[in-house]
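Trainee:
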Amino acid sequence: MLGCSDLTVAYGDIVALHGVTLQVRAGETVALIGANGAGKTTLLQTISGLNKVRGGHISFDGSPLDSLSCERRVRLGIAHAPEGRRIFPGLTVEENLVLATSPWRPPGGRYGDEIAQVFELFPRLKERRRQLGWSLSGGEQQMLAIGRALMARPRLLLLDEPSLGLAPRLAEEVYERVGRIRRSGLTILVVEQNTVLALAVADRGYVLETGRVVLEGAAAELKRDPRVREAYLGR
Amino acid sequence: MADFIQLLMNGLALGSVYALAAIGFVIVYSATGVVNFAAGQFVMLGTFAGVATLVNGGWSLPAGYLGALAAMALFGALFYAVVYLPLRNSPAVTMIIGTVAIGITLQNAALLGFGSWPFRLVSPFEGMTVDIAGAVVPVHAIAVVVTTAVLIGLLWLLFNRTTLGIAMRAVAQDLVAARLMGLKVGALLAFTWILAAVLAGVAGLMLGPMWFADVNMGDPIALKAFAATIIGGFGSLPGAIAGGLFVGLTEVLGAAYVSSAYKDLIAFGAMILFLLLRPQGVFGERIQDRG
Ligand SMILES: Nc1ncnc2c1ncn2[C@@H]1O[C@H](COP(=O)(O)OP(=O)(O)O)[C@@H](O)[C@H]1O
Ligand SMILES: [Mg+2]
């Protein structure tokens, strides 16, 4: 479904991705793990169209994405819950959610089914739907960020460190929901420093180190891999 | 008392014009981060768009107003394409210099096109007055206050009840997240500039009959609108409204009761006091909106 081949991305002189090749097949959940600064966020932003590609290609459903704007990519079904959540702080929970339907919803069109599904997955958001974004707790903001991405009717969900800054119990709760989204059949690419959580939910994984893929394989294999155990699982 | 009511209405009318100019300034600032130093010249341009259609063109009132506002909308779109887009990734100072340069260009273009002799833009309510508790109040002043109140109500509806307005607020709060949500960020920013230009156009058309249409009128308006946003709170819409009314009222009441030479002292004195003591203004900046 998603293919990145030999992708190189740079910020001025700093090369953040050195020829990254990676695939996400339809229905799969793929984890991309790596330390801080490895280039995980850069990769997701490049898939979404926020960063310019210096070399290589990205394709989605077999057609090239390279020349498409962010907006066009969202329309194709690529939804992104970014690092740091980035929910709209001065909009209510409901406004945040409804806004994310604009790529597919005609003026005055309905969004009842979509919002009902998000509220079913995250009942807390329903309770807080009239509250402004900034007043939510970190865990609620993460749920809103994921819920907002789901409102876009995505076919590929990009999640950037959904556990970041959350207490362990909350991070597990968020990942439990990611597991449910996965079981609903949605294709997911999740980026994490929290290797345990990410590999537990994923089918396959890639390990990124300073902008290069150094390891890839089935999630179960990666969990057993001595290099992963030493560098990312701390044992 | 009768004098006071008359001054109050004139002050509110002038304050309404400042408030509209300040609102245009604030919505551009919140959405794009641009401090538009040409905001006063936008209002001047609105007045002269009215001079062009109503005085020089001899159009009927509705056609003249609509034509002038359409020209202002076009001007806002042009400003977006020619000034904002090329400079949007430049340092803030470059953008500021850009708006200053455009302001000076507009002023000189108006001088070339219309000359330095002031025009008189007539009001639809020319010469009409009403009696309020013994005070003789020009109908134009009431119409200005009412028009402004209606516009503020419409703006409130836009920003709180329509997807377009909520999307504009989202763009103002987090541009990157707005792009990731698939919002048409370019079109929304262009619309923000168009809206600001049209509001300045309305302000200019309403101000024309209160002042003379003079090519140098933009500078004092810019200063008053700027003072209004500082007093009300930089970036705050309610602040722009309250600040605009305050500046207009103190200007008119100050001229009558203090001294016409020092009529601006209260507003600018208040602005300086706010800068020193409460830089976030009366309403503060809604920090939660800015992320
Ligand atoms: N906007 C930017 N400008 C310059 N360098 C950046 C920018 N964003 C990220 N980088 C650099 O790119 C590299 C990868 O960063 P990032 O993709 O954020 O990593 P990760 O998400 O894995 O922590 C880092 O060296 C970082 O310093
Ligand atoms: Mg990151």
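Quick note, the sequences are listed as chains A and B, same order. Numbering-wise, the first sequence is residues 88 to 322 according to my numbering. Numbering-wise, the second sequence is residues 106 to 396 according to my numbering. For glycine and all other residues, C-beta sits at the position ideal for the given N, C-alpha and C. Remember, predicted model here, so these are calculated numbers, not experimental data.
Note the first and the last residue of the continuous beta strand (DSSP E) segment covering residue 305/A.
Mentor: First-last of the beta strand (DSSP E) with residue 305/A: 299-305.
Trainee: Which residue wins for smallest C-alpha separation from residue 126/B, given the options 315/B, 302/B, 383/B?
Mentor: For the residues 315/B, 302/B, 383/B, the minimum Cα distance to residue 126/B belongs to 302/B.
Trainee: Please output, in chain order, the residues near ligand 1 using a CB cut-off of less than 6 Å to any non-hydrogen atom of the ligand.
Mentor: Going by the Cβ distance cut-off, the answer is 98/A, 101/A, 103/A, 121/A, 123/A, 124/A, 125/A, 126/A, 127/A, 128/A, 129/A.
Trainee: Is it a yes or a no for the segment 140-150 of chain B touching the segment 197-217 of chain B, going by three-plus beta-carbon pairs under 8 Å?
Mentor: Yes: at least three Cβ pairs fall under 8 Å.
Trainee: Pair every Cβ in the segment 272-279 of chain A with every Cβ in the segment 103-119 of chain A, then say whether three or more of these pairs are closer than 8 Å.
Mentor: Taking 8 Å as the limit for Cβ pairs, the verdict is that the segment 103-119 of chain A does touch the segment 272-279 of chain A.
Trainee: At a CB distance below 8 Å, what residues from the segment 168-180 of chain A approach chain B? Give them in sequence order.
Mentor: So the list reads 169, 173, 174, 175, 176, 177, 178, given in the order they occur along the chain.
Trainee: Evaluate residue 115/B with the Cβ neighbour count: other Cβ atoms within 10 Å of its Cβ, from every protein chain shown; 16 or more gives buried, anything less gives exposed.
Mentor: Buried: at least 16 other Cβ atoms inside 10 Å.
Trainee: Between the C-alpha atoms of residue 323/A and residue 326/B, what's the straight-line distance to the nearest angstrom?
Mentor: In this structure chain A extends from 88 to 322, so residue 323/A is not present and cannot be described.
Trainee: Kindly confirm or deny that the segment 346-364 of chain B and the segment 376-390 of chain B touch, where touching means at least three C-beta pairs closer than 8 Å.
Mentor: Yes, they touch.
Trainee: In or out: residue 298/B buried (at least 16 other Cβ within 10 Å) or exposed?
Mentor: Its Cβ being crowded by 16 or more others within 10 Å, residue 298/B is buried.
Trainee: Can the beta-carbon of residue 177/B be found closer than 7 Å to that of residue 323/B?
Mentor: Contact flag unset, no.
Trainee: Pick from 157/A, 216/A, 191/A: whose alpha carbon is nearest that of residue 180/A?
Mentor: Among 157/A, 216/A, 191/A, the Cα nearest to that of residue 180/A is on 216/A.
Trainee: With a CB to CB cut of under 6 Å and the five nearest residues on each side skipped, what residues in its chain are close to residue 249/A?
Mentor: Here the set comprises 229, 261.
Trainee: Name the residues in the segment 250-271 of chain B whose C-beta lies less than 8 Å from a C-beta of chain A; which are they?
Mentor: From the segment 250-271 of chain B, only 268, 271 have a Cβ closer than 8 Å to chain A.
Trainee: Identify every run of the alpha helix (DSSP H) within the segment 204-286 of chain B, keeping only runs that are complete inside it and at least 4 residues long; order them along the chain.
Mentor: Qualifying alpha helix (DSSP H) stretches, in chain order: 244-266, 268-278, 280-285.
Trainee: Which chain B residues sit within Cβ distance under 7 Å of residue 324/A?
Mentor: No statement about residue 324/A is possible, as the shown extent of chain A runs from 88 to 322 and does not include it.
Trainee: Select from the segment 282-295 of chain B all residues with a C-beta closer than 7 Å to any C-beta belonging to chain A, and list them in chain order.
Mentor: If the cut-off is 7 Å between Cβ atoms, the segment 282-295 of chain B has 282, 284, 285, 286, 287, 288, 289 near chain A.
Trainee: Taking DSSP as the reference, what is the three-state secondary structure of residue 343/B?
Mentor: Looking at residue 343/B - three-state DSSP - the assignment turns out to be helix.
Trainee: When the Cβ atoms of the segment 163-176 of chain A are set against those of the segment 278-286 of chain B, are three or more pairs found closer than 8 Å?
Mentor: Yes, the segment 163-176 of chain A is in contact with the segment 278-286 of chain B.
Trainee: Sorted by chain position, which residues of the same chain lie with C-beta nearer than 6 Å to residue 204/B's C-beta, five sequence neighbours on each side aside?
Mentor: Cβ neighbours of residue 204/B beyond the five flanking positions: 141, 142, 143.
Trainee: Taking only the alpha-carbon atoms, compute the straight-line gap between residue 126/A and residue 334/B and give it to the nearest angstrom.
Mentor: Near 42 Å, if we compare the C-alpha coordinates of residue 334/B and residue 126/A.
Trainee: Give me, in chain order, the residues of the same chain whose beta-carbon lies closer than 6 Å to that of residue 169/A; leave out the 5 immediate sequence neighbours on both sides.
Mentor: Cβ neighbours of residue 169/A beyond the five flanking positions: 247.
Trainee: Answer yes or no: does any C-beta atom of chain B fall closer than 7 Å to that of residue 158/A?
Mentor: Yes - at least one Cβ of chain B is within 7 Å of the one on residue 158/A.
Trainee: Should the segment 225-242 of chain B be called in touch with the segment 151-159 of chain B, which here means at least 3 C-beta pairs below 8 Å?
Mentor: The segment 225-242 of chain B, when compared against the segment 151-159 of chain B, does touch it at the 8 Å Cβ threshold.
Trainee: In this structure, does DSSP put residue 115/A in helix, strand or coil?
Mentor: The answer is coil: DSSP assigns residue 115/A none of H, G, I, E or B.
Trainee: Report the option in 308/A, 302/A, 271/A whose CA atom is closest to the CA atom of residue 287/A.
Mentor: With distances taken between Cα atoms, residue 287/A lies closest to 308/A.
Trainee: At 9 Å on the CB atoms, spell out the chain B contacts of residue 189/A, in chain order.
Mentor: Those are 268, 272, 286, 287, 288, 289, listed as they occur along chain B.
Trainee: Can you tell me whether residue 275/A is helix, strand or coil according to DSSP?
Mentor: Strand, per DSSP.
Trainee: Helix, strand or coil for residue 248/A, going by three-state DSSP, please let me know.
Mentor: Looking at residue 248/A - three-state DSSP - the assignment turns out to be coil, as it is neither helix nor strand.
Trainee: Could you spell out where the beta strand (DSSP E) holding residue 237/A opens and where it closes?
Mentor: It is not in any beta strand (DSSP E) - residue 237/A instead sits in the alpha helix (DSSP H) that spans 225-238.
Trainee: Apart from the five residues just before and just after residue 107/B, which ones in its own chain have a Cβ nearer than 8 Å to its Cβ?
Mentor: The answer, listed in chain order, is 238, 239, 240, 241.
Trainee: Using a Cβ-Cβ distance under 7 Å, would residue 135/A count as near chain B?
Mentor: It does: the Cβ of residue 135/A has a partner Cβ on chain B nearer than 7 Å.
Trainee: Would you mind stating whether residue 398/B and residue 216/B have Cβ atoms separated by less than 7 Å?
Mentor: Any property of residue 398/B remains undetermined from this structure, which presents chain B solely from 106 to 396.
Trainee: With a threshold of 6 Å on Cβ separation, who are the neighbours of residue 303/A within its own chain once the five nearest residues in sequence on each side are excluded?
Mentor: Excluding residues within five positions, the ones whose Cβ falls inside 6 Å are 293.
Trainee: At the 7 Å Cβ level, is residue 385/B part of the contact set with chain A, yes or no?
Mentor: Chain A contact via Cβ: absent.
Trainee: Is residue 123/A buried or exposed, if buried means 16 or more other CB atoms sit within 10 Å of its CB?
Mentor: That one is exposed.
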